[in-house]
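In the working numbering, the protein residues as written are 1199 to 1564.
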C-alpha cells in the first residue's frame, strides 16, 4: 500500500436493517435464490441483535433486526423502514483506512474494534456517508471462520433445496441524496476514498414529460466499486428521487445492481418465484434493434420478460429493475448482464423512468 492510498479490495458485504430478519431471510432465499449460510443471535451470545448472512456468487447480504426497542436499529427502522445501513469494504489494513479517511475529512461512525474467536480475528471500523448510511472497513486476513466472530453456520435455519438464480456479483450501488447534495457526495468519494468520476448525467439525459433527475457515477481505482449518486431535478411532478426521500426520510441506498451471466434464465427464475419487475410497453421492442444493433440473444424472450437493451462503444448490456421490495417505495434491485458495455443504460432511461412514473401514479405519489 502506498503511503496514503486507501485501497479497497472489494465490497465485503451489505448490511440491511430490517424489521423481521427471520422472515426477510425467507424472501431472499426463496425469492432471490440466496443461500442462508450463517447466523448470529441469542444462541450465539448476541443479546440485542439477530443477523442472518445470505450469499449468492460473490454477493453477501446481512439482514439484521433488533431484539429490543432501545437498540439503535429500532430507531433506524422506525424512521426509514427496511434499508441498507452498511456498505462494507474488505481492506488489507482497516485501522489505516479508517484513520486516513478521518484525516481526509470523513466522520467516524465507529472506532476500530477487534473481534476474536477460535478462528482468528477481524478488525472493523466505520465512517459515515450520505444520510445514515455508513462504510465499514473490514480486515479479515487473520480470520478463517464462517464469516466473522459471533456467527455460526446457519444449519437447519436455512431452507433446504433452494436453487440459486444466477446472481454472481454486485455491479453498482445507487444512492439517492437531497437536492444540492450530489456534487458534495461525489467530492466526498473523490477526496476521502480516492474515487474518480466515471460518468455524469444531467436532467436532459434523465427526464420524461413530468420528472427529471441528475446523477454522477463514482468509481474506485480498480473499477470494482461503482457508486452512482442521484439527486432530484426540477420537473412538473414529484420525481422518483423525491418520492424515495419522502418515504425513506433521508438520503440512502436506492437500488443494488447485481450481475448475472444469463439474464433470461435469471429473470425467468425470479419471475417464477414471484419477484415483481417494472414493465415497459411492447412498442419499446419495435425499434430497439435499430437503436442498439445486432445482439446475441433472441429478442422474443427479452420482450416477454421486459428486459431492456442498450449499447455503448464497448458493447451492449441487458438490464431489468424490480419494483420496490418492501411496502415503502424505497429499495429495489437491478439485474444486469454486460456484454462488453461499461455504461449504465442511458438509452433506456426514458422508458425506465416512464415505467417508474406509472407505478408512482398507482401509489398516488407522482
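The beta carbon of each residue, even a glycine, is placed where N, CA and C say it ideally should be.
Opening and closing residue of the alpha helix (DSSP H) in which residue 1224 lies
Here residue 1224 refers to the residue found at position 26 when the chain shown is read from its first residue. It spans 1219-1228 - the alpha helix (DSSP H) in which residue 1224 sits, taken as one unbroken run.
Within 10 angstroms of the Cβ of residue 1409, are there 16 or more other Cβ atoms? Answer buried if so, exposed if not.
As a working mapping, residue 1409 is identified with position 211 in the chain shown. Unreliable positioning characterises residue 1409 in this predicted model, as indicated by a pLDDT of 48, which lies under 50. The coordinate reading is nonetheless provided below. Label assigned to residue 1409: buried.
DSSP state of residue 1500, grouped into three classes?
Reading the chain shown from its first residue, position 302 is the one you call residue 1500. Helix, per DSSP.
DSSP on residue 1353, reduced to helix/strand/coil?
As a working mapping, residue 1353 is identified with position 155 in the chain shown. Residue 1353 falls in the helix class under three-state DSSP.
Can you give me the start and stop residues for the alpha helix (DSSP H) that residue 1272 sits inside?
Indexing the chain shown from 1 puts residue 1272 at position 74. In the DSSP assignment, residue 1272 falls within the alpha helix (DSSP H) that extends over 1270-1278.
What residue does the alpha helix (DSSP H) around residue 1509 start on, and which one ends it?
As a first step, residue 1509 is located in the chain shown; it is residue number 311 there, counting from the start. Per DSSP, residue 1509 belongs to no alpha helix (DSSP H); it is in the beta strand (DSSP E), 1506-1510.
Given this structure, state the Cα-to-Cα distance separating residue 1327 from residue 1310, to the nearest angstrom.
Locating residue 1327 in the chain shown gives position 129, counting from the first residue. Locating residue 1310 in the chain shown gives position 112, counting from the first residue. Those two C-alpha atoms are separated by around 17 angstroms.
Within this structure, are the beta carbons of residue 1440 and residue 1430 separated by less than 8 angstroms?
Translated into positions along the chain shown, residue 1440 becomes position 242. Translated into positions along the chain shown, residue 1430 becomes position 232. Result yes, Cβ atoms of residue 1440 and residue 1430 sit closer than 8 angstroms.
Measuring alpha carbon to alpha carbon, tell me which residue in 1451, 1479, 1380 and 1415 is nearest residue 1394.
Numbered from 1 along the chain shown, position 196 holds the residue referred to as residue 1394. Ranking 1451, 1479, 1380 and 1415 by Cα distance to residue 1394 puts 1415 first.
Does the distance from the C-beta atom of residue 1503 to that of residue 1478 stay below 8 angstroms?
Walking along the chain shown from the start, residue 1503 turns up at place 305. Walking along the chain shown from the start, residue 1478 turns up at place 280. No, they are not a contact pair.
Between which two residues does the beta strand (DSSP E) harbouring residue 1251 extend?
Along the chain shown, one-based indexing puts residue 1251 at 53. Residues 1247-1254.
If we count Cβ pairs, one from each stretch, closer than 8 angstroms, do we get three or more for the segment 1508-1521 versus the segment 1255-1269?
no
Beta carbon of residue 1518 nearer than 8 angstroms to that of residue 1365:
Numbered from its first residue, the chain shown carries residue 1518 at position 320. Numbered from its first residue, the chain shown carries residue 1365 at position 167. Going by C-beta atoms, residue 1518 is not nearer than 8 angstroms to residue 1365.
Residue 1571: buried (16+ other C-beta within 10 angstroms of its C-beta) or exposed?
Nothing about residue 1571 can be read from this structure; the chain reaches only from 1199 to 1564.
For residue 1467 and residue 1230, what's the separation of their Cα atoms in angstroms?
As a working mapping, residue 1467 is identified with position 269 in the chain shown. As a working mapping, residue 1230 is identified with position 32 in the chain shown. Roughly 9 angstroms separates the two Cα atoms.
Beta-ladder partner(s) of residue 1373, from DSSP
Against the chain shown, residue 1373 aligns to sequence position 175. 1427 and 1451.
Distance cutoff 8 angstroms, beta carbons only. Does residue 1527 sit that close to anything in chain C?
No chain C is part of this structure, which consists of one protein chain only.
Using 8 angstroms as the threshold, is the C-beta distance between residue 1212 and residue 1352 below it?
As a position in the chain shown, residue 1212 is number 14, starting the count at 1. As a position in the chain shown, residue 1352 is number 154, starting the count at 1. Not a contact, by the Cβ cut-off of 8 angstroms.
I think residue 1289 touches residue 1396, with their Cβ atoms under 8 angstroms apart; what is that distance to the nearest whole Å?
Stepping through the chain shown from its first residue, residue 1289 is reached at position 91. Stepping through the chain shown from its first residue, residue 1396 is reached at position 198. With 8 angstroms as the limit, residue 1289 and residue 1396 do not qualify as a contact, their Cβ atoms being about 21 angstroms apart.
So what does residue 1517 bridge to, in DSSP terms?
Here residue 1517 refers to the residue found at position 319 of the chain shown. Bridge partners of residue 1517: 1506 and 1534.
Starting from residue 1292 and walking both ways along the alpha helix (DSSP H), at which residues does that stretch end?
The count along the chain shown starts at 1 and reaches residue 1292 at position 94. Counting along the chain, the alpha helix (DSSP H) containing residue 1292 begins and ends at 1292-1301.
Per DSSP, residue 1412 is paired with what?
Stepping through the chain shown from its first residue, residue 1412 is reached at position 214. Looking at the DSSP assignment, residue 1412 forms a beta bridge with 1429.
May I have a chain-ordered list of the beta strand (DSSP E) segments no shorter than 3 residues that lie completely inside the segment 1470-1498?
none
In terms of alpha-carbon separation, which member of 1342, 1339 and 1304 lies closest to residue 1324?
The count along the chain shown starts at 1 and reaches residue 1324 at position 126. Looking at the Cα atoms, 1304 is the closest of the given residues.
Can you tell me where the beta strand (DSSP E) with residue 1330 in it begins and where it stops?
As a first step, residue 1330 is located in the chain shown; it is residue number 132 there, counting from the start. Segment: none, residue 1330 is in no beta strand (DSSP E) and carries neither H nor E.
Could you name the residues of the same chain whose beta carbon sits closer than 6 angstroms to that of residue 1216, not counting the 5 residues immediately before and after it, in chain order?
Counting from 1 along the chain shown, the entry for residue 1216 is found at position 18. Sequence-distant partners of residue 1216 (beyond 5 residues in either direction) whose C-beta falls short of 6 angstroms from its own C-beta, in its chain, are 1222, 1261, 1263 and 1280.
Residue 1329: buried (16+ other C-beta within 10 angstroms of its C-beta) or exposed?
To locate residue 1329, count along the chain shown from 1; it is residue 131. When all chains shown are included, residue 1329 counts as buried.
Cβ of residue 1557 within 8 angstroms of Cβ of residue 1476?
For the purposes of this step, residue 1557 is identified with residue 359 of the chain shown, where counting begins at 1. For the purposes of this step, residue 1476 is identified with residue 278 of the chain shown, where counting begins at 1. Contact flag set, yes.
For a test of your reading of the model: does the CB of residue 1466 fall under 7 angstroms from any non-hydrogen atom of the ligand HEM? Yes or no.
What this structure holds is no ligand at all, so the ligand HEM is not there to describe.
DSSP state of residue 1204, grouped into three classes?
As a first step, residue 1204 must be located in the chain shown, where it is residue number 6. Three-state DSSP puts residue 1204 in coil, outside helix and strand.
Let me know if residue 1298 comes out buried or exposed under the rule of 16 or more other beta-carbons within 10 Å of its beta-carbon.
The residue labelled residue 1298 in the question sits at position 100 within the chain shown. So residue 1298 ends up on the buried side.
Reduced DSSP category for residue 1338 - H, G, I as helix; E, B as strand; rest coil
In the chain shown, the residue the question calls residue 1338 occupies position 140. If DSSP states are grouped into helix, strand and coil, residue 1338 belongs with coil.
Is DSSP giving residue 1394 helix, strand or coil here?
In the chain shown, residue 1394 corresponds to position 196, counting from 1. Residue state, collapsed to three classes: strand.
With the cut-off set at 8 angstroms, would you say residue 1238 and residue 1386 are in Cβ contact?
As a first step, residue 1238 is located in the chain shown; it is residue number 40 there, counting from the start. As a first step, residue 1386 is located in the chain shown; it is residue number 188 there, counting from the start. No, the Cβ-Cβ distance between residue 1238 and residue 1386 is not below 8 angstroms.
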